[in-house]
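Asker: Before I ask anything, let me first share the structure, which is written out below as structure tokens.
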Amino acid sequence: MSTPAAGNATRRIAGNTALQAAADGLGKLGTIVLYAVLAREAGVAAFGDFTTAASLSVLVMVAAFGMDFRVTRLVAQGDPDVGPSIWGAVLLKLAGGTAILLVVCGIAALGPYSDRVVATTAVLGLAMIVELTTMTPHAVFRGHEDLRPVALALLLYRGLLSVLGVAVLLAGGSILLVAVGWLLGALAGLAYTLLRARRAGLRHPFVVTRAGLRAVATDSLGLGLAAVLGAALSRLDIVLLGALKDSEAVALYGGAYRLMESTFFITSALALSAFPALSRLTRTSTPSLGEAVALTTKAVLVTTVPLAVGFVAYAEPVLVAIYGDGLRDATGTLQILGVLVITTGIYSLMAFVLTSQQAQRPIVVALVVTTVLNVAANLALIPSMGAEGAAWSWAATTTVLAAMLLVAVLRDAGRVPVLRTVEGPLLGGLAMIAVAVATGAHAWGIPLAGAAFAVVLVTVERRRHPDDAVRLRLARPRGA
20 MSTPAAGNAT RRIAGNTALQ AAADGLGKLG TIVLYAVLAR EAGVAAFGDF TTAASLSVLV
80 MVAAFGMDFR VTRLVAQGDP DVGPSIWGAV LLKLAGGTAI LLVVCGIAAL GPYSDRVVAT
140 TAVLGLAMIV ELTTMTPHAV FRGHEDLRPV ALALLLYRGL LSVLGVAVLL AGGSILLVAV
200 GWLLGALAGL AYTLLRARRA GLRHPFVVTR AGLRAVATDS LGLGLAAVLG AALSRLDIVL
260 LGALKDSEAV ALYGGAYRLM ESTFFITSAL ALSAFPALSR LTRTSTPSLG EAVALTTKAV
320 LVTTVPLAVG FVAYAEPVLV AIYGDGLRDA TGTLQILGVL VITTGIYSLM AFVLTSQQAQ
380 RPIVVALVVT TVLNVAANLA LIPSMGAEGA AWSWAATTTV LAAMLLVAVL RDAGRVPVLR
440 TVEGPLLGGL AMIAVAVATG AHAWGIPLAG AAFAVVLVTV ERRRHPDDAV RLRLARPRGA
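Under my numbering, think of the first position of the sequence shown as 20, with each following residue one higher.
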């Protein structure tokens, strides 16, 4: 691969990352506003119930089973017979999502959950099924490395659900009506996506064969198992909190977790944008997979380290500013979870790298090990420590998961310059900590801490690793 081609690839990745990150960021901001209004207007109990329902309904997303990554890979590789895979993925996800929703609602109805939680779970689950359907045409757009329709559809979906949800809450409506607004937002996002696909000429005749369904299912088996275990990991803490404690404990953990989760779009945007290019890289390609891993990991650290330090140092003022005094007691929980912004970003990126290389077994093995660890830690810590016990459980889980996946990637990718990758972001993080200590961790010190991180990062990168600075300039979208 020539240098110009590599430059074009990095420009596409940078442009797509910017689009995906902007859409995800604005969408997450809208969701945080919704949760903030929910906590202030509906109270801690209703906030806890909605958080529980959202955690149960998101299990429907397991039905994605990694099939959309296959679609993206086939489109990126120019496979002319991608049509059966597209329609096979849609049908399998619809069937699987419906079955999972019925099981989840049945278990919730028989378990320790109120009728309000069960009904809200059902409506949110329908929204998840619609989102599952939307993800497949999004996978096609990603394969063509055109994320504009994906970004706009996401903005419409998240924006509408946030506006409708806030309007319902301010009018004194129930969390069930908030869930209905979520469903309407999902339907709007699907309608827009299909319209853009039609205008772009992405029309694939409806062809479904047994062989096609079998290929989609078997090729995605490892990713599917990873999706099942990953979904369980991300929600086990809240589900077990609801079963072992009460709505207040769920609210404390859910409020802190929602803030941490709101940062996940950064790694997701980067990884999703880089996925088509990563699918074409190998240990010996130019650039090599190892070089790509180093640069993408540095990008993840540049964005997650300041967020992690910010959550730890400024947890209380951030919680009070967003949720009000009702969730002030979640300060300790957010400080624990805040550090995990880094480990979660690392394990998410490594999972994408392994998936791009069709190395699914390490993901499944790591998730099996950490799922067992997570359950054991939750059962041991939640009864005595409540929300903070769940946070420590997630801390142990994500740290082990990140380490296992990182080892797997390093084994396959070849040489990765570790010091060059981590030096700038980590020194910048230390500068932030120094500012936080000097200013007493008051909210007014946040801009100063951010500025300290930026100054140290830029200084280190320019003096120690100028080649990376050149690559970052090369990666800017045209016209930037």
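Just so you know, even glycine gets a beta-carbon here, dropped at the ideal spot from N, CA and C.
Here the structure is a predicted model, which means the values were calculated and not measured.
Which residue from Thr350, Ala410, Pro103 and Leu400 puts its Cα closest to that of His223?
Answerer: Here the closest residue by C-alpha is Pro103.
Asker: Go ahead and pull the three-state DSSP assignment for Ser375.
Answerer: In this structure, Ser375 counts as helix in the three-state DSSP scheme.
Asker: Would you kindly work out how many angstroms separate the C-alpha atoms of Leu260 and Thr390, rounded to a whole number?
Answerer: Approximately 16 Å between the Cα atoms of the pair.
Asker: Please state whether DSSP places Val360 in a helix, a strand or coil.
Answerer: Note: Val360 maps to helix in three-state DSSP.
Asker: Between Met451 and Leu476, what straight-line distance do the alpha-carbon atoms span, to the nearest angstrom?
Answerer: The straight-line gap from Cα to Cα measures roughly 11 Å.
Asker: Just to confirm, are Leu346 and Trp413 a CB contact at a threshold of 8 Å?
Answerer: Cβ atoms of Leu346 and Trp413: not closer than 8 Å.
Asker: State whether the segment 168 to 187 contacts the segment 224 to 235, with contact taken as three or more CB pairs (one from each stretch) at a distance under 8 Å.
Answerer: Result no; under three Cβ-Cβ pairs closer than 8 Å.
Asker: Ignoring anything shorter than 4 residues, give me the alpha helix (DSSP H) runs that lie fully in the segment 253 to 319, in order along the chain.
Answerer: As far as the segment 253 to 319 is concerned, its whole alpha helix (DSSP H) runs of at least 4 residues are 266 to 280 and 283 to 299.
Asker: Mind checking whether the beta-carbon of Ala457 lies closer than 7 Å to any heavy atom of the ligand HEM?
Answerer: Among the components of this structure there are no ligands whatsoever, and the ligand HEM is therefore not found.
Asker: Tell me whether Leu438 is buried or exposed, calling it buried when 16 or more other Cβ atoms sit within 10 Å of its Cβ.
Answerer: Leu438 is exposed by the Cβ-count criterion.
Asker: Which runs of the alpha helix (DSSP H) spanning at least 4 residues fall entirely within the segment 152 to 222, listed in chain order?
Answerer: Fully enclosed alpha helix (DSSP H) runs of 4 or longer: 167 to 189 and 194 to 218.
Asker: Assuming the contact rule is C-beta atoms closer than 8 Å, Val324 and Ile361 should be a hit. Round their C-beta distance to whole Å, please.
Answerer: Right, their Cβ atoms sit about 6 Å apart.
Asker: For Pro402, count the other beta carbons within 10 Å of its own beta carbon; 16 or more makes it buried, fewer makes it exposed. Which is it?
Answerer: Exposed, since its Cβ has fewer than 16 Cβ neighbours within 10 Å.
Asker: According to the neighbour-count rule (16 or more other Cβ atoms, all chains shown, within 10 Å of its Cβ), is Gly309 buried or exposed?
Answerer: Flag for Gly309 reads buried.
Asker: Relative to the C-alpha of Pro466, which candidate in Leu445, Leu326, Ala170 and Met86 has its C-alpha closest?
Answerer: The candidate whose alpha carbon is nearest that of Pro466 is Leu326.
Asker: Does the Cβ-Cβ distance between Glu60 and Leu188 come in under 8 Å?
Answerer: Result yes, Cβ atoms of Glu60 and Leu188 sit closer than 8 Å.
Asker: How big is the Cα-Cα spacing for Gly408 and Lys317?
Answerer: So the two alpha carbons sit approximately 31 Å from each other.
Asker: With a threshold of 6 Å on Cβ separation, who are the neighbours of Thr418 within its own chain once the five nearest residues in sequence on each side are excluded?
Answerer: Result list for Thr418: Thr362, in chain order.
Asker: Excluding five sequence neighbours on each side, which residues of the same chain lie with their C-beta closer than 8 Å to the C-beta of Met279?
Answerer: So the list reads Phe330, Leu353, Leu356, Gly357, Leu359, Val360 and Thr363, once near-sequence residues are dropped.
Asker: Which residue marks the beginning of the alpha helix (DSSP H) containing Thr71, and which one marks its end?
Answerer: Element bounds for Thr71: Val63 to Ser76.
Asker: Taking contact to mean at least 3 C-beta pairs separated by less than 8 Å, is the segment 56 to 73 in contact with the segment 90 to 110?
Answerer: These segments do not touch.
Asker: Keeping to the same chain, check which residues put their C-beta closer than 8 Å to that of Leu271; ignore five residues upstream and five downstream.
Answerer: Counting only Cβ-Cβ distances below 8 Å, and skipping sequence neighbours, we find Leu346, Asp348, Ala349, Thr352, Gly405 and Ala406.
Asker: By Cβ distance below 6 Å, which residues in the same chain neighbour Thr440 in space, the five residues on each side in sequence not counted?
Answerer: So the qualifying residues of the chain are Ala313, Thr316 and Lys317.
Asker: Measure the CB-CB distance between Val16 and Leu446 and report whether it falls below 8 Å.
Answerer: With the chain represented from 20 up to 499, any question about residue 16 goes unanswered, as that position is not in the structure.
Asker: Okay, do the segment 156 to 173 and the segment 184 to 201 touch, 3+ Cβ pairs below 8 Å being the bar?
Answerer: Contact fails: fewer than three Cβ-Cβ distances are below 8 Å.
Asker: Tell me the residue span of the alpha helix (DSSP H) that contains Thr416.
Answerer: Ala406 to Ala432 is the span of the alpha helix (DSSP H), which, as asked, contains Thr416.
Asker: Tell whether a beta-carbon distance below 8 Å holds between Thr105 and Thr155.
Answerer: For the sequence presented, residue 105 should be read as Ile rather than Thr. The answer is yes: Cβ separation under 8 Å.
Asker: Just the Cα atoms here: how many angstroms apart are Phe371 and Gly448?
Answerer: Roughly 25 Å between the two C-alpha positions.
Asker: Could you check how far apart the C-beta atoms of Ser76 and Thr140 are, in whole angstroms? I think they sit under 8 Å.
Answerer: 5 Å between Cβ atoms; contact.
Asker: Quick check on this structure: which residue in Ala332, Leu221 and Leu213 has the alpha carbon closest to the alpha carbon of Ala501?
Answerer: The requested residue 501 is not part of the displayed model; the chain covers only 20 to 499.
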